[in-house]
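Novice:
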Amino acid sequence: MAELDPASALGHRELGLTDEDVLSMYGHMLLARAVDERMWLMQRAGKIPFIISGQGHEAAQVGTTWPMRRNQDWMAPYYRSIASAITFGMSAEDIITAHLAKGDDVSSGGRQMPGHYGAARNNIVSVSSPVGTQVLHAVGLAMGAWVRGDDMVAITSFGEGTSNQGEIHEGMNFAGVHKLPVIFVCENNGWAISVPLERQVGGLSVAARAEGYGFPGVTVDGGDPLACYAVARAAHQRAQRGDGPTLIEARVVRLTSHSSDDDQRRYRDPAEVEELKEHDPIPFFSNRLRAAGLLTDEADAALRAEIKTEINEAQAQAEARPDPDAATAHRWVYAEGAD
Ligand SMILES: Cc1ncc(C[n+]2csc(CCOP(=O)(O)OP(=O)(O)O)c2C)c(N)n1
0 MAELDPASAL GHRELGLTDE DVLSMYGHML LARAVDERMW LMQRAGKIPF
50 IISGQGHEAA QVGTTWPMRR NQDWMAPYYR SIASAITFGM SAEDIITAHL
100 AKGDDVSSGG RQMPGHYGAA RNNIVSVSSP VGTQVLHAVG LAMGAWVRGD
150 DMVAITSFGE GTSNQGEIHE GMNFAGVHKL PVIFVCENNG WAISVPLERQ
200 VGGLSVAARA EGYGFPGVTV DGGDPLACYA VARAAHQRAQ RGDGPTLIEA
250 RVVRLTSHSS DDDQRRYRDP AEVEELKEHD PIPFFSNRLR AAGLLTDEAD
300 AALRAEIKTE INEAQAQAEA RPDPDAATAH RWVYAEGAD
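Mapping to numbering that gives the first Met the number 0: the sequence shown position 112 is 111, numbers consecutive.
(1) My parser needs the alpha helix (DSSP H) runs of 4 or more residues fully inside the stretch 188–273; what are they?
(2) For Pro280 versus Glu57, is the C-beta distance shorter than 8 Å?
(3) So, for Met38: in the same chain, excluding its five sequence neighbours on each side, which residues have a beta-carbon less than 7 Å away from its beta-carbon?
(4) State the DSSP-derived secondary structure class of Glu339, mapped to helix, strand or coil.
(5) On the three-state DSSP scale, how would you describe Ile47?
(6) Counting C-beta neighbours from all protein chains within 10 Å, is the total for Glu312 16 or more, i.e. buried, or is it exposed?
(7) Using a Cβ-Cβ cut-off of 6 Å (strictly less than) and excluding sequence neighbours within five positions of Gly222, which residues of its own chain qualify?
(8) Lys276: which of Gln239, Leu254 and Gly189 sits nearest, CA to CA?
(9) Measure the alpha-carbon distance for Val176 versus Gly213 and round it to whole angstroms.
(10) Whose C-alpha, out of Gln42, Glu13, Met24 and Gly45, is nearest the C-alpha of Thr64?
(11) Is the beta carbon of Ala118 sitting closer than 8 Å to the one on Asp93?
(12) Tell me whether Ala100 sits in a helix, a strand or coil according to DSSP, three-state version.
(13) I'd like to confirm the pairing. Which residues does DSSP put opposite Trp73 in its beta bridges?
(14) What span of residues does the alpha helix (DSSP H) with Trp353 cover, start to end?
(15) Rounded to whole angstroms, how far is the Cβ of Ala238 from the Cβ of Ala137, which I believe are closer than 8 Å?
(16) With DSSP as the reference, label Gly158 as helix, strand or coil.
(17) Compute every distance between the C-beta of Thr161 and the non-hydrogen atoms of ligand 2, then say whether any falls below 7 Å.
(18) Residues bridged to Val184 by DSSP?
(19) Tell me whether Glu186 is buried or exposed, calling it buried when 16 or more other Cβ atoms sit within 10 Å of its Cβ.
(20) Pair every Cβ in the stretch 223–231 with every Cβ in the stretch 258–269, then say whether three or more of these pairs are closer than 8 Å.
(21) I believe Ala209 touches Glu159 by the beta-carbon criterion, under 8 Å. Please report the beta-carbon distance rounded to the nearest angstrom.
(22) For Gly243 versus Ala174, is the C-beta spacing smaller than 8 Å?
(23) Consider the C-beta atom of Glu197 and the heavy atoms of ligand 1; say whether any pair is separated by less than 7 Å.
(24) How far does the alpha helix (DSSP H) with Gly62 in it reach, from first residue to last?
(25) Taking the continuous alpha helix (DSSP H) assigned at Arg287, which residues delimit it?
(26) Just list the residues that DSSP pairs Ile123 with in beta bridges.
(27) Ser83 to Ile123, Cα distance in whole Å?
(28) Hey, could you find the ends of the alpha helix (DSSP H) Gly170 is sitting in?
(29) Compute the beta-carbon to beta-carbon distance between Gly108 and Gly114, rounded to the nearest angstrom, for a pair I have assumed lies under 8 Å.
(30) Would a C-beta distance cut-off of 8 Å place Tyr77 and Ser156 closer than the cut-off?
(31) Kindly indicate which three-state DSSP category Arg110 falls into: helix, strand or coil?
(32) For Ile81 versus Val134, is the C-beta spacing smaller than 8 Å?
(33) Please report the Cβ distance between Ala231 and Gly62, rounded to the nearest whole angstrom; I am assuming they are in contact, meaning their Cβ atoms lie under 8 Å.
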């Protein structure tokens, strides 16, 4: 009897992904986690003023961003989207440089607040501070593509707390009416800073709202990058066909406090915080890759060592970059030459 191939149990080949693809997805998750952890150290060492983390969201971000076409599709991310931005083409050095507010930072030349990265060269719109505004940006991008007849799909992400903002309703309804090529990803980690889901979302489901806007809403395990890839790929195909938007609600965990200015021990049960580690997407995916025979202890250690070197170099390069020239402080604030 023929041996059953353990890799087939992973189900990635049915999704059109190769063994190399899934290992690369895992590598992106590890890199995002490593950048994130390094920036916490830099923040605690007083090198950067503020960090807002994506730890626990990596599988959802890598999985939902993976079907997007680099340099063709566009992304309007949010402050937790480190893994999405990396998957879309930003480097570890770009992210760290933005947090250091260096003069040649690709996001804004050091003008933006930390955690507000973006890169025009990678089709990533800058993170915008008022939560929910990114949804309008993505809908606007999709509207522009539709008017010009461009083959472009926009993706945007936000938390479940943000899903209650007025802009979300306006943006989604408009996109539903005009069947715009846009994918809405709600990364539901159950908390909006210190406010739990049941105090924010009356019906407890964000995905269910899509029905009212006339497009599909799906809930997916945000700890499983392949499940997230599958729904995002279907959403991307739907958008390309001209059938309109999809709302994906990825259930994730927030492994850290809201930001480096917050302490979740003040409002979260310590047992719950401890239990969160069971839902960390990185060991989850690593174990699945091992069970499928695609990852060994040696290969994992080698990959992690490679990433550590990359992060060390990224930090050193970013720190060595020049600070912005004070004489240019008004650039991009006021029209040049207008006195
Ligand atoms: C319009 C607006 N209101 C309030 C804030 C302050 N604020 C920043 S993040 C945040 C919580 C958002 O929670 P959620 O959307 O669930 O995303 P999460 O941070 O949990 O990923 C709030 C209230 C803001 N930035 N913008």
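We put the CB at the ideal spot given by N, CA and C, even for glycine.
Quantities reported herein were computed from a predicted structural model and do not represent experimental measurements.
Specialist: If we stick to the structure as given:
(1) 209–212 and 224–239
(2) For the purposes of this step, residue 280 is taken as the residue at position 281 of the sequence shown. For the purposes of this step, residue 57 is taken as the residue at position 58 of the sequence shown. Contact: yes.
(3) Taking the first residue of the sequence shown as position 1, residue 38 is located at position 39. So the qualifying residues of the chain are Ile47, Ile50, Ile95 and His98.
(4) In this structure the chain extends from 0 to 338, so residue 339 is not present and cannot be described.
(5) Position 48 of the sequence shown, counted from the first residue, corresponds to residue 47. Looking at Ile47 - three-state DSSP - the assignment turns out to be coil, as it is neither helix nor strand.
(6) As a working mapping, residue 312 is identified with position 313 in the sequence shown. Classification of Glu312: exposed, given that the 10 Å Cβ count is below 16.
(7) As a first step, residue 222 is located in the sequence shown; it is residue number 223 there, counting from the start. The answer, listed in chain order, is Ala58, His278, Pro280 and Phe283.
(8) Residue numbering aside, residue 276 sits at position 277 when the sequence shown is read from its first letter. Minimum Cα distance to Lys276 is reached at Leu254.
(9) Here the question's residue 176 lines up with position 177 in the sequence shown. Here the question's residue 213 lines up with position 214 in the sequence shown. Going by the C-alpha atoms only, they are around 8 Å apart.
(10) Working through the sequence shown from its first residue, we reach residue 64 at position 65. Comparing Cα positions, the closest option is Met24.
(11) Mapped onto the sequence shown, residue 118 falls at position 119. Mapped onto the sequence shown, residue 93 falls at position 94. Yes; because the gap between Cβ atoms is below 8 Å, this pair is in contact.
(12) Against the sequence shown, residue 100 aligns to sequence position 101. Coil at Ala100, not helix or strand.
(13) By one-based count along the sequence shown, residue 73 stands at place 74. DSSP, once it has assigned bridges, lists Ala153 as partnering Trp73.
(14) Nothing about residue 353 can be reported from this structure: the residues present for the chain run from 0 to 338 only.
(15) One-based indexing of the sequence shown puts residue 238 at position 239. One-based indexing of the sequence shown puts residue 137 at position 138. Actually they do not touch by this definition, with Cβ atoms about 11 Å apart.
(16) Within the sequence shown, residue 158 is the residue found at index 159, counting from 1. Gly158: strand per DSSP, three-state reduction.
(17) As presented, the structure is devoid of ligand 2, carrying ligand 1 as its sole ligands.
(18) As a working mapping, residue 184 is identified with position 185 in the sequence shown. DSSP output for Val184 lists Ser156 and Ile247 as bridge partner(s).
(19) Counted from its first residue, the sequence shown places residue 186 at position 187. Buried is the call here.
(20) Segments in contact, no.
(21) Looking up residue 209 in the sequence shown gives position 210. Looking up residue 159 in the sequence shown gives position 160. Contact doesn't hold; Cβ gap of about 14 Å is too wide.
(22) Against the sequence shown, residue 243 aligns to sequence position 244. Against the sequence shown, residue 174 aligns to sequence position 175. Cβ atoms of Gly243 and Ala174: closer than 8 Å.
(23) For the purposes of this step, residue 197 is taken as the residue at position 198 of the sequence shown. Every heavy atom of ligand 1 is 7 Å or more from the Cβ of Glu197, so no.
(24) The residue given as residue 62 occupies position 63 in the sequence shown. Where Gly62 is concerned, the enclosing alpha helix (DSSP H) stretches over Glu57 to Thr64.
(25) By 1-based counting over the sequence shown, the position of residue 287 is 288. For Arg287, the uninterrupted alpha helix (DSSP H) segment begins and ends at Pro280 to Ala290.
(26) Along the sequence shown, one-based indexing puts residue 123 at 124. Its beta-bridge partners are Met74 and Ala118.
(27) Position 84 of the sequence shown, counting from 1, holds the residue named residue 83. Position 124 of the sequence shown, counting from 1, holds the residue named residue 123. The straight-line gap from Cα to Cα measures roughly 10 Å.
(28) Translated into the one-based positions of the sequence shown, residue 170 becomes position 171. Residues Gly165 to His177.
(29) Taking the first residue of the sequence shown as 1, we reach residue 108 at position 109. Taking the first residue of the sequence shown as 1, we reach residue 114 at position 115. Not quite, the Cβ-Cβ distance comes to about 16 Å (not below 8 Å), so this is no contact.
(30) The residue you call residue 77 lines up with position 78 of the sequence shown. The residue you call residue 156 lines up with position 157 of the sequence shown. Going by C-beta atoms, Tyr77 is nearer than 8 Å to Ser156.
(31) For the purposes of this step, residue 110 is identified with residue 111 of the sequence shown, where counting begins at 1. Reduced to three states, the DSSP call for Arg110 is coil.
(32) For the purposes of this step, residue 81 is identified with residue 82 of the sequence shown, where counting begins at 1. For the purposes of this step, residue 134 is identified with residue 135 of the sequence shown, where counting begins at 1. Contact: no.
(33) What you label residue 231 is simply residue 232 of the sequence shown in a count that begins at 1. What you label residue 62 is simply residue 63 of the sequence shown in a count that begins at 1. At roughly 6 Å, the Cβ-Cβ gap stays under 8 Å, so Ala231 and Gly62 are in contact.
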